[in-house]
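A.B. asks: Submitted below is the structure of interest, expressed as structure tokens.
Residue numbers (the UniProt record's numbering): 1 to 90.
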């Protein structure tokens, strides 16, 4: 019986794990775009999807075009309109 609980627990824990890309720091890019974009990233600090300004060039995978996409990919229940600023922690 203990074995069954152990297997069930490992399935639950594994299925709740966020993809590695959601654990990356956000990357605002190194270019100075003429029209910066507001995009979304998953913040491990706040446990929520947050918007930030993307300036173009050199991005990582923790960047999504909408809050909904971020929530779906990173298994988050929360989106915040609080804009992420440079100097904040992820």
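Glycine included, each C-beta is placed from N, C-alpha and C at the ideal position.
Between residue 61 and residue 53, what straight-line distance do the alpha-carbon atoms span, to the nearest angstrom?
C.D. replies: Taking the first residue of the chain shown as position 1, residue 61 is located at position 61. Taking the first residue of the chain shown as position 1, residue 53 is located at position 53. Cα to Cα, residue 61 sits roughly 15 angstroms from residue 53.
A.B. asks: Look at residue 41 and residue 63 and say whether their C-beta atoms are less than 8 angstroms apart.
C.D. replies: Taking the chain shown and counting its residues from 1, the one referred to as residue 41 is at position 41. Taking the chain shown and counting its residues from 1, the one referred to as residue 63 is at position 63. Cβ distance < 8 angstroms, so residue 41 and residue 63 count as in contact.
A.B. asks: Do you know whose CA, among 56, 57, 21, 67, lies nearest residue 50's CA?
C.D. replies: What you label residue 50 is simply residue 50 of the chain shown in a count that begins at 1. When only C-alpha atoms are compared, the closest one is 67.
A.B. asks: Which ranges would you report for the beta strand (DSSP E) in the UniProt domain "BPTI/Kunitz inhibitor" (22-74) if only whole runs of at least 3 residues count?
C.D. replies: If we require 3 residues or more, the beta strand (DSSP E) runs fully inside the UniProt domain "BPTI/Kunitz inhibitor" (22-74) come out as 37-43, 48-54.
A.B. asks: Going by beta-carbon coordinates alone, are residue 47 and residue 78 separated by less than 8 angstroms?
C.D. replies: In the chain shown, the residue the question calls residue 47 occupies position 47. In the chain shown, the residue the question calls residue 78 occupies position 78. Contact flag set, yes.
A.B. asks: Which residue from 72, 65, 73, 22 puts its Cα closest to that of residue 38?
C.D. replies: Position 38 of the chain shown, counted from the first residue, corresponds to residue 38. Of the listed residues, the one whose Cα sits closest to residue 38 is 65.
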